[in-house]
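What follows is a short report on a single structure.
Structure, rendered in structure tokens:
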């Protein structure tokens, strides 16, 4: 994977890329080992230490049941980040497939696909996700599917516009003149040239997915209590906001951190994947 | 204003940019001056930093400056180190610039009139009422018909040549002392470029403005410049009066540049093109004593590397070379004549490919448009009949929009057509895999035709997978190596990616890809256009070698007539989708010609001390492409127009016994009596 190594070295050369990559690797470690790293049982009540401020015993404080916030955030990282990644993945793959096929086919097929796409895009993604959830019923995995579908139209637009540019290159004409099949042209000729803006867009969308998932959980349509999902933690902590800010602050900062790191990674990737910059 | 004779005086100017790899020398030790009323030509190949010099004069440095030293004096005013506000007064007012691409130089949301008026206002002409008529005067000055109407148009409503005229009007509008031209005609058609150059020469005589004319095209420079400087690797290697330099080039680099340039007299003299191209000059690291040492055939370390080789000052013909002129006499190229083996038994064989009344139409008329009687169908190729024999090279020439590329795409099976297409005598009903394997296409721009994400190996293996199904994976690898060898590239290039190759190497890969299918016909669509002259010569040589080895027929599409003599057997000239003339290559040097061919031949600039070119210039505008032309397509611009019949009747196709075909109302006999485009100056072979 020569191209991969080249991209990686170009990525760490930009400050935002290096920081973004570092933070994302840390987050990945959290999702993998977070629950094991948790110093206490995230579900265990400590009635003597309700609403505790950060201390040596509870590094990030406790919530209204006296549950350790650090342990809850660590335990919740897996579901929050993994679900966000999954939602982005669904949206990216579906969107890129629709966009590239539509852009490559052009003409009437493109027109029909894109007008339908526009109609979906007119609905705000949160509202759209709510709509899907109200049909599917509320659960974490349904929230993921809903967000994935809600992301698809935007991704399709981006993939299509890049495809329209790439399609004009003579290597596509050369492939057609050679008698290549549509599958080869789309997968081998177009896809590698279209993928980088899509990847960049996807990394930025991960942050949105975390926030939308949190929002859905906050509204009670995603994860259900007592799950330590971050959005749900904020939603529950809201009732006790005036007794102690920690139950809201800790998961809030965690969400912000995820958003920032993926945004930084996206910015870094945008530069690194630009052929002019990396040559 | 200072009373010096020199409008522009560049003294010891050096510039380097900072980069990750270290300091990059851009311009080095430049000494140039332009006198009042002088036109200095600056020639060099791509990457010679010729445009960087224009940028340096305009103080528009594109990189991160690491070092800058020396002087750039405009009438005695030092421009290096001048602050931006002071420079603002100089740009446009005292130095104007005309760039290659007029369509990006004009703002698409502003009318032409607004452009000129804005330029006038910016530079202190603010007599509100007078501005408009003044602007019209300037448009009139640059020969734009109906200036008042032109003022109201937008950039997209006028042709490329007219756009460049508008840019020229804006440049002259402020009566600058110096105009910088950076490849102003490179993007234009030959006939348009020729009239634009004439216009500039006339304006220059009238206004006495000085100019720096930058171009890679030595022919253009030779027709316009008083003196010429040759730049290589950011250094001037030779500087002399224009006639002097082209008649007796001294520096090895200048010689190699001229030696790879085709001339109209080549068929007569049997001259061959030099294919050795110069390597890129070292830009990073220690400065070599002689900048050209790396590519010079006469380089002797003991003589050349003793001291830094500089351009001597105060001589008429300055050469940055320590060797004497006599020591540099070029060893004569092996004396086999360039004359092609003509007519390879063409008439008896069944043609490999034959087109009968082939037409291609683009677009369709919408329902509403048809109600209003408007058609939006473009007749890109109109009723073309041609045949191609085995081992033959047919050149297809014409200007942009004449349908030559559409014809290429049609034959490659990318565009659907009406009419009949025969391959080896049997009609082709559908473009199938068998046809595609036999007819291959090479595109103009290898940057676009080679997928940047595929390695050269992958690119070359694809046609093998598709057309030569008997090969297994290991045989394919071997075959890729063989293909690279055939196009004279090292085998290890298979692991490289297109961006790691130079332009000429990329085009060789594209040719190798076409060869992989072992085709009968290769269509070369402007394959040498965008390349430097020496690379063009070596690609041409390669195509000839391939043809003589394999007997492949070539369709060579080009707008550059000069190169044809070294490649083609027959020439087909297209104009607005119609085939107007078909002739043998040796008939290129003598009439009869179709009036359009005559003008096209006259417009292609060339550096040839042995030939005098008769000037024929075209005026008038092209008809709309969506209109069905009743008479002759060339009628609106034809200098030999007979009368009404040209506009109303379709010209007959006349043919001579030797296969020369001309589509014109004028009798072929009469066309034969026209003065030839080229005249020998002296009949001697090249020394």
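Protein chains in written order, with the numbering used here: chain C, 50 to 328; chain L, -5 to 681.
For glycine and all other residues, C-beta sits at the position ideal for the given N, C-alpha and C.
For clarity, every value in this text was computed on a predicted model and none was experimentally measured.
Three-state secondary structure (DSSP) of residue 22(L): strand
Specify the secondary structure class of residue 392(L) as computed by DSSP and reduced to three states. coil
Please determine if the segment 104 to 122 of chain C and the segment 153 to 169 of chain C are in contact, where contact requires at least 3 C-beta pairs separated by less than 8 angstroms. no
Is the beta carbon of residue 307(L) less than 8 angstroms from the beta carbon of residue 25(L)? yes
Tell me residue 647(L)'s beta-bridge partners as DSSP assigns them. Looking at the DSSP assignment, residue 647(L) forms a beta bridge with 657(L).
Quick one: what does DSSP say residue 455(L) is sitting in, helix, strand or coil? Here residue 455(L) sits in helix by DSSP.
Which listed residue (90(L), 454(L) and 514(L)) has its alpha carbon closest to that of residue 170(L): 90(L)
Using 10 angstroms around the beta-carbon of residue 194(L), count the other beta-carbons present and answer buried if the total reaches 16, otherwise exposed. buried
CA nearest to the CA of residue 223(L), picked from 313(L), 147(L) and 443(L): 313(L)
Determine the chain L residues that contact residue 191(C) at a beta-carbon separation under 7 angstroms, and present them in chain order. Under the 7 angstroms cutoff, chain L gives no residues; its nearest Cβ is about 37 angstroms from residue 191(C).
With which residues is residue 575(L) paired in a DSSP beta bridge? 567(L) and 656(L)
Please compile the residues from chain C whose C-beta is within a distance smaller than 7 angstroms of the C-beta of residue 406(L). Residues of chain C passing the Cβ test: 226.
Using the beta-carbon count (16 or more within 10 Å), is residue 136(L) buried or exposed? Counting C-beta atoms within 10 angstroms of its own C-beta, residue 136(L) has 16 or more neighbours from the protein chains shown and is therefore classed as buried.
Please state whether DSSP places residue 286(L) in a helix, a strand or coil. Coil, per DSSP.
CB contact below 8 angstroms: residue 58(C) versus chain L: no
Please list the partners that residue 241(C) has in chain B, where partner means a Cβ-to-Cβ separation under 7 angstroms. The structure shown contains no chain B; its protein chains are C and L.
So what's residue 68(C) in DSSP terms, helix, strand or just coil? helix
On a CA-only basis, which of 5(L), 110(L), 19(L) and 86(L) is nearest residue 65(L)? Give me that one, please. 5(L)
Quick one: which residues of the segment 405 to 428 of chain L get their C-beta closer than 7 angstroms to a C-beta of chain C? List them in chain order. Residues of the segment 405 to 428 of chain L that bring their beta carbon within less than 7 angstroms of a beta carbon in chain C comprise 406, 407, 408 and 427, in sequence order.
At which residues does the alpha helix (DSSP H) containing residue 212(C) begin and terminate? 189 to 216
Cβ neighbour criterion (16 or more within 10 Å) applied to residue 663(L): exposed
Taking a cut of 7 angstroms between CB atoms, which residues from the segment 429 to 444 of chain L lie near chain C? 430, 435, 437, 439, 442, 443 and 444
Return no unless some Cβ of chain C is closer than 8 angstroms to the Cβ of residue 244(L). no
Taking Cβ positions only, does residue 691(L) come closer than 8 angstroms to chain C? Missing from the structure shown is residue 691(L); chain L here goes from -5 to 681 and no further.
N-terminal and C-terminal residue of the beta strand (DSSP E) that residue 225(C) is part of: That residue, residue 225(C), is in no beta strand (DSSP E); its alpha helix (DSSP H) goes 219 to 227.
Paired residues, beta bridge with residue 173(L) - DSSP: 90(L) and 205(L)
What number of angstroms, rounded off, separates the C-alpha of residue 333(L) from the C-alpha of residue 520(L)? Any reading at residue 333(L) is ruled out, since the residue's pLDDT is 44, under 50, leaving its predicted position unreliable.
Compare the C-beta of residue 460(L) against all C-beta atoms of chain C and say whether one is closer than 8 angstroms. yes
In the structure shown, what three-state DSSP assignment does residue 468(L) receive? helix
My guess is that residue 598(L) and residue 184(L) are in contact by the Cβ rule of under 8 angstroms, so how many angstroms apart are they, rounded? Confirmed, Cβ separation roughly 5 angstroms.
For a contact meaning CB atoms closer than 9 angstroms, what does residue 145(C) contact in chain L? Per Cβ cutoff of 9 angstroms: no residues; residue 145(C) is ~16 angstroms from chain L at best.
Considering only residues of the same chain and omitting the five flanking positions on each side of residue 8(L), which have a CB-CB separation below 8 angstroms? 19, 21, 22, 23, 24, 61, 62, 63 and 64
Using DSSP's beta-bridge definition, name the partner residues of residue 348(L). Answer by DSSP bridge pairing, in chain order: 381(L) and 416(L).
Under 8 angstroms, Cβ to Cβ, is there at least one residue of chain L near residue 218(C)? So, interface residue.
Residue from 79(L), 1(L), 189(L) and 100(L) whose Cα sits closest to the Cα of residue 596(L): 189(L)
Alpha carbon to alpha carbon, what distance is there between residue 117(L) and residue 640(L)? 48 angstroms
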